[in-house]
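Since the structure comes first, as structure tokens, the remarks are kept for the end.
Number of protein chains: 2
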Amino acid sequence: MFDQFEANTPLSKTEFEQRALPLRQRLLEAQFGIEKTNHPLIIVVAGLAGAGKGVLVHRLNEWMDPKGIETNTYWEHSDEEEDRPFLWRYWNKLPPRGQIGIFLGSWYTHPAQAHVDGRLSQEAFAGACERINIFERQLSDDGAIIIKLWLHVSEETQRRQLEEHAPKRQQNPRVTDNPYELRGKYQRALAVSEELVRGTQTLQCPWHIIDAEDRRFREVKAGEVILDSINRRLQFANDEEPATLLPEAADALACVNLDKCLDRSEYKRKLRKHQSRLQDLAWEAYRQRRSLVTVFEGWDGAGKGSAIRRVTSAIDPRLYKLIQIAAPSDEELAQHYLWRFWRKLQRDGRTTLFDRSWYGRVMVERVEGLASEEEWTRAFREINELESELTSHGTIVAKFFIHISQDEQLARFQAREAQPHKRHKITEEDWRNREKWPAYEGAINQMIAQTHTPLAPWHIVPGNDKLYARIHIIKTLCRTLEKALY
Amino acid sequence: MFDQFEANTPLSKTEFEQRALPLRQRLLEAQFGIEKTNHPLIIVVAGLAGAGKGVLVHRLNEWMDPKGIETNTYWEHSDEEEDRPFLWRYWNKLPPRGQIGIFLGSWYTHPAQAHVDGRLSQEAFAGACERINIFERQLSDDGAIIIKLWLHVSEETQRRQLEEHAPKRQQNPRVTDNPYELRGKYQRALAVSEELVRGTQTLQCPWHIIDAEDRRFREVKAGEVILDSINRRLQFANDEEPATLLPEAADALACVNLDKCLDRSEYKRKLRKHQSRLQDLAWEAYRQRRSLVTVFEGWDGAGKGSAIRRVTSAIDPRLYKLIQIAAPSDEELAQHYLWRFWRKLQRDGRTTLFDRSWYGRVMVERVEGLASEEEWTRAFREINELESELTSHGTIVAKFFIHISQDEQLARFQAREAQPHKRHKITEEDWRNREKWPAYEGAINQMIAQTHTPLAPWHIVPGNDKLYARIHIIKTLCRTLEKALY
């Protein structure tokens, strides 16, 4: 597959300068075009050792305006990274809108290396390619321009390159491309590369294979590919994928029996019992290095806050973080909407509690028109993909929706306004949202229908009686943990 | 010292409720007051094992509005933390303005424990206290309300507490407070605690020692102390420290010989030579786990960008990050102005290049009136303290100011406007700043006079000839690294 690209077309210094000068100029213009149109640009520079990836990256930094470019390299892992889903380290380095992220070493490096060394089975490798395709599709759907460059060199060029620099490399410890390690591995590496490129060759995020034998040709070619891809994407920026048609939502909320209740003495007994059970399970999860992600959603006034407090007061403060999701910061607005949740994930063995979550996209953002139909329709799939990233890493996921009746909500709003130390909890907005009850009901039913998955199921909690709801939540959490840990 | 606090005044359930209910109400009001007045609130909960710190933290979370409270615990270190100056992990967890950070385990935990175990000498311990005082003073000067609670328990209460919970603790691995480890260490721990409290007892950030024998008393007392401290601080929020008088600034810029220059052939030869030298030194620094922080400042048009490019193209992309400092994001504006630089520090062995830096505070922010006189005067001391935090961690610091003449600047502005692919670099603002040359000159001279320290000296680079300036910078970097590494 790659051989055809060994065109071997070296450029003379003058040829190079003739093409490089205007190219440089137009690359700068393209860069400013990106800043204006607010697309993030992701450039992946991949290829075999000795293909001159590093040199090319230096050149790109030189040709474009370093303001707004960040080059990311992944070689030494940190335990912060090891302790989270594979994609976390990449999510955290994504360029904000209007800026450029160059990835020298990327989500491709680890699967490829592990497969070459035989540490990754054929199935696992195929799975990695699938997850990469999902990751790139999510970013691209969100407007990211993803340009994937594969620098190809022949075996003897690689040998020459590595050996020329061998002395310096001996002095400068490099990770991947130690010439002695690599000797004789070319064919195997090439075969894996072909698999990798084939497995992640998508219409949306295609690979560009570049003949890297000659430095000058390589650099000009890469620059032209980048320029061309940016311009093509900026032209078609407006075309939107048609929104996928969604099946009718079953009316999950209607099936909830809101009469469930609990008297205070029984509540106190059960609370003590299940809280201490939860405390031990949280420590057991810590011992097993399993993390727990819990999502709390519900109507305004459903009692999310007080229920969460009963959960947190059972867990050692060392083991959990409570994340309150409110309006995004401008750093968050400049990223894919899932970014702000990725960045908050705690390490293995810890619990992350989300008071409101990524589901805002398909509830409030949908109903209030803060997300376009294309965006919130796409979100169902993105959310399922996010949660399966978590569960496939070993994270335990529990999702609660606390449901109350419209009358109960009214009663609670009025009670809150009467109590001085609760008055702050009730705002004009709560009253406005209340008007839109039916719209929210429809959105919630569809949300549950679309995102109720075996590994990340929804638990719809009858919330008219707060005491019952709290116990129900803590017990469900305990059961979920027990099922996963024992 | 502590014994006097063993007042032993248990509260009955009713007494507790009588005091807790109104307290809770007023704590909430105080919390909203903070949100409005935009002070960050930092609550440190410290004390011996078995004093009930965790229980108190749970209670505070319950009493106040969990929105806008983050509880931080420090027990397991990550290598990301170990690889940076001691205070980095705390800077990164500081609450934004208007919000509350509760620190259960804090900058006090490690020095105290290490000193108890005899891993920290008397001198090192005193040094740690000094650095903590500086850290807290910087935050408090910036408006942070810092409340430090020390929970005191008697030896037998501690023993009872720990042994009561021993069985559960056996099941739930806890780090610091293993009852068996602690047995017999009480006196030693108490002595160290007294040293610690004395050594960090400042007027600005005083300790509040609380008799923690009785849970109810402890909680009410802590709540009252917090409430009282917040209210006192909010009243006096407006008083400003008088700006320290600064010595006349020597005219450092005038002493620069701007005629220095280099012809292109010599430039090329030297560039090749010193770049490869720099490349090796960067790898040597990596091998020795020493990090390098380089600051680039200079007049508009002084050629910072092109000089930085010559530096970066010498260093392996794996080893450096170039940080472009532009307008702060809203997450950054909600923090102490040094926060945005702390968060960008790279790991040990890496290079962090700042294109513009914390010196903006005493140049552009001062001249354009973006920082108050009190703020930029204070900044000189804060900057020196920041840099000594870095150097005392082993970081190598190099600071460059590229100086050019006013005529040279004019010539370059005009040249830039003539060149299409450079036009973007020159804006209205550049012309406006140019008007204020004398004001900037004064600020720069004072900056250099105030922040030219033995371990973090300024290098003023003659910049009229770009080629000379680039070589000068790379050579100086090499010398600095050689001095530090060999």
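These protein sequence lines map, in sequence, to chains A and B.
First residue of the first sequence: 1, per the UniProt record's numbering; consecutive thereafter.
First residue of the second sequence: 1, per the UniProt record's numbering; consecutive thereafter.
For glycine and all other residues, C-beta sits at the position ideal for the given N, C-alpha and C.
This one's a predicted model, so the numbers in the text were calculated from it and none came from an experiment.
Looking at tryptophan 299 of chain B: is its Cβ nearer than 9 Å to the Cβ of tyrosine 74 of chain B?
Your numbering for residue 299 of chain B matches position 299 in the second sequence. Your numbering for residue 74 of chain B matches position 74 in the second sequence. Going by C-beta atoms, tryptophan 299 of chain B is not nearer than 9 Å to tyrosine 74 of chain B.
Which residues in the same chain have their Cβ closer than 6 Å to the Cβ of arginine 356 of chain A, if we skip the five residues on either side of it in sequence?
One-based indexing of the first sequence puts residue 356 of chain A at position 356. So the qualifying residues of the chain are Ile325.
If you pair each beta-carbon of the stretch 54 to 74 of chain B with each one of the stretch 323 to 339 of chain B, do three or more pairs fall below 8 Å?
no
Specify, as a first and last residue, the run of the beta strand (DSSP E) that tryptophan 339 of chain B falls within.
As a first step, residue 339 of chain B is located in the second sequence; it is residue number 339 there, counting from the start. Element bounds for tryptophan 339 of chain B: not the beta strand (DSSP E) but the alpha helix (DSSP H), 339 to 342.
Mind checking the stretch 299 to 317 of chain B against chain A and listing, in chain order, the residues whose C-beta falls within less than 8 Å of any C-beta there?
Gly305, Ile308, Arg309, Thr312, Ser313, Asp316, Pro317
Can you tell me whether asparagine 58 of chain B is buried or exposed? The criterion is at least 16 other CB atoms within 10 Å of its CB, across all chains shown.
Position 58 of the second sequence holds residue 58 of chain B. For the sequence presented, residue 58 of chain B should be read as histidine rather than asparagine. Result: buried.
Got a sec? Which residues, its chain only, sit under 8 Å from valine 116 of chain B by beta carbon, not counting five neighbours each side?
Taking the second sequence and counting its residues from 1, one reaches residue 116 of chain B at position 116. Around valine 116 of chain B: Lys185, Arg188, Ala189, Val192.
Arginine 350 of chain B versus B:Arg416, B:Ile396, B:Ala443, residue with shortest Cα-Cα distance
Numbered from 1 along the second sequence, position 350 holds the residue referred to as residue 350 of chain B. The shortest C-alpha separation from arginine 350 of chain B is found at B:Ile396.
Run through the DSSP bridge pairs and tell me what glutamine 324 of chain B is partnered with.
Residue numbering aside, residue 324 of chain B sits at position 324 when the second sequence is read from its first letter. DSSP, once it has assigned bridges, lists B:Asp355 as partnering glutamine 324 of chain B.
If we cut at 9 Å on Cβ distances, does histidine 424 of chain A have a partner in chain B?
In the first sequence, counting from the first residue as 1, residue 424 of chain A sits at position 424. Closer than 9 Å to some Cβ of chain B, the Cβ of histidine 424 of chain A qualifies, so yes.
Arginine 137 of chain B versus B:Glu385, B:His110, B:Ser392, B:Phe32, residue with shortest Cα-Cα distance:
The residue given as residue 137 of chain B occupies position 137 in the second sequence. Closest by alpha carbon: B:Glu385.
In chain order, which continuous runs of the beta strand (DSSP E) of length 3 or greater are located wholly inside the stretch 194 to 222 of chain A?
207 to 211
May I have the straight-line CA-CA distance separating residue 501 of chain A from leucine 149 of chain A, to the nearest angstrom?
A question about residue 501 of chain A goes unanswered here, because the residues of chain A that appear run from 1 up to 486.
Under 7 Å (Cβ pairs) to chain B, residues found in the stretch 248 to 274 of chain A
none
Using a Cβ-Cβ cut-off of 9 Å, state whether glutamine 204 of chain B counts as contacting chain A.
If you number the second sequence from 1, residue 204 of chain B lands on position 204. Closer than 9 Å: no.
Assigned exposure category for cysteine 205 of chain A - 16 Cβ within 10 Å defines buried:
As a working mapping, residue 205 of chain A is identified with position 205 in the first sequence. Label assigned to cysteine 205 of chain A: buried.
Let me confirm a value: threonine 451 of chain B is counted as buried when at least 16 other C-beta atoms fall within 10 Å, else exposed. Which label applies?
Mapped onto the second sequence, residue 451 of chain B falls at position 451. Burial call: buried.
At 3 residues or longer, what runs of the beta strand (DSSP E) sit wholly inside the stretch 34 to 120 of chain A?
41 to 47, 69 to 73, 100 to 104
Out of B:Gln122, B:Arg159, B:Ser12, which one is the CA nearest neighbour of alanine 49 of chain B?
Within the second sequence, numbered from 1, the residue matching residue 49 of chain B stands at position 49. Minimum Cα distance to alanine 49 of chain B is reached at B:Arg159.
For threonine 294 of chain A, decide whether its Cβ has a neighbour in chain B, counting only Cβ atoms nearer than 9 Å.
Within the first sequence, numbered from 1, the residue matching residue 294 of chain A stands at position 294. No, threonine 294 of chain A does not count as interfacial toward chain B.
Quick one: Cα of proline 242 of chain A to Cα of aspartate 141 of chain A, how far?
For the purposes of this step, residue 242 of chain A is taken as residue 242 along the first sequence, with counting starting at 1. For the purposes of this step, residue 141 of chain A is taken as residue 141 along the first sequence, with counting starting at 1. Bear in mind that a pLDDT of 45 at proline 242 of chain A, under 50, signals an unreliable position, so the number given afterwards is only what the model happens to contain. Looking at the two C-alpha atoms, the distance is approximately 12 Å.
Could you check if asparagine 61 of chain A is buried or exposed, using at least 16 other CB atoms within 10 Å of its CB as the buried criterion?
The count along the first sequence starts at 1 and reaches residue 61 of chain A at position 61. Asparagine 61 of chain A is buried by the Cβ-count criterion.
From which residue to which residue does the beta strand (DSSP E) around lysine 399 of chain A run?
Walking along the first sequence from the start, residue 399 of chain A turns up at place 399. Here the beta strand (DSSP E) through lysine 399 of chain A covers 396 to 403.
Specify the secondary structure class of proline 179 of chain A as computed by DSSP and reduced to three states.
Along the first sequence, read from residue 1 onward, the residue named residue 179 of chain A stands at position 179. Annotation note: pLDDT 49 at proline 179 of chain A (below 50); position unreliable, coordinate value reported separately. Of the three classes helix, strand and coil, the one that applies to proline 179 of chain A here is helix, per DSSP.
Between which two residues does the alpha helix (DSSP H) carrying glutamate 417 of chain B extend?
Counting from one through the second sequence, the residue named residue 417 of chain B turns up at place 417. Glutamate 417 of chain B -> alpha helix (DSSP H) spans 406 to 418.
Proximal chain A residues relative to glutamine 324 of chain B, where beta-carbon distance stays under 8 Å:
Position 324 of the second sequence, counted from the first residue, corresponds to residue 324 of chain B. Per Cβ cutoff of 8 Å: Pro66, Lys67, Gly68.
Please decide whether residue 491 of chain B counts as near chain A, where near means a Cβ-Cβ distance under 9 Å.
Outside the displayed range of chain B (1 to 486) lies residue 491 of chain B, so it cannot be described from this structure.
Where in the stretch 258 to 338 of chain B do unbroken runs of the alpha helix (DSSP H), each at least 4 residues long, occur, reported from the N-terminal end onward?
264 to 287, 304 to 312, 330 to 333
Near-chain B residues of the stretch 41 to 55 of chain A - C-beta to any C-beta below 8 Å
Gly54
Compare the C-beta of alanine 484 of chain A with all C-beta atoms of chain B and state if any pair is closer than 9 Å.
Counting from one through the first sequence, the residue named residue 484 of chain A turns up at place 484. No, no contact with chain B.
Shortest alpha-carbon distance to isoleucine 154 of chain A belongs to which of A:Leu467, A:Arg198, A:Ala456, A:Ile210?
The sequence position of residue 154 of chain A within the first sequence is 154, counting from 1. According to the sequence provided, residue 154 of chain A is serine. The question's isoleucine does not apply to it. Nearest of A:Leu467, A:Arg198, A:Ala456, A:Ile210 to serine 154 of chain A, Cα basis: A:Ile210.
So, does the CB of proline 420 of chain B fall closer than 9 Å to a CB anywhere in chain A?
Against the second sequence, residue 420 of chain B aligns to sequence position 420. Yes - at least one Cβ of chain A is within 9 Å of the one on proline 420 of chain B.
With alanine 334 of chain A and arginine 97 of chain A assumed to form a contact (beta carbons below 8 Å), what rounded beta-carbon distance in angstroms separates them?
Residue mapping note: residue 334 of chain A aligns to position 334 of the first sequence, counting from 1. Residue mapping note: residue 97 of chain A aligns to position 97 of the first sequence, counting from 1. Confirmed, about 5 Å.
Please confirm if histidine 165 of chain A has its CB atom under 9 Å from at least one CB of chain B.
Position 165 of the first sequence, counted from the first residue, corresponds to residue 165 of chain A. No, because no Cβ of chain B sits closer than 9 Å to the Cβ of histidine 165 of chain A.
So is tryptophan 431 of chain B buried or exposed if we call it buried at 16+ other beta carbons inside 10 Å?
Counting from 1 along the second sequence, the entry for residue 431 of chain B is found at position 431. That one is exposed.
Quick one: what's proline 462 of chain B bridged to in DSSP?
The count along the second sequence starts at 1 and reaches residue 462 of chain B at position 462. For proline 462 of chain B, which the question treats as bridged, DSSP gives the partners B:His403.
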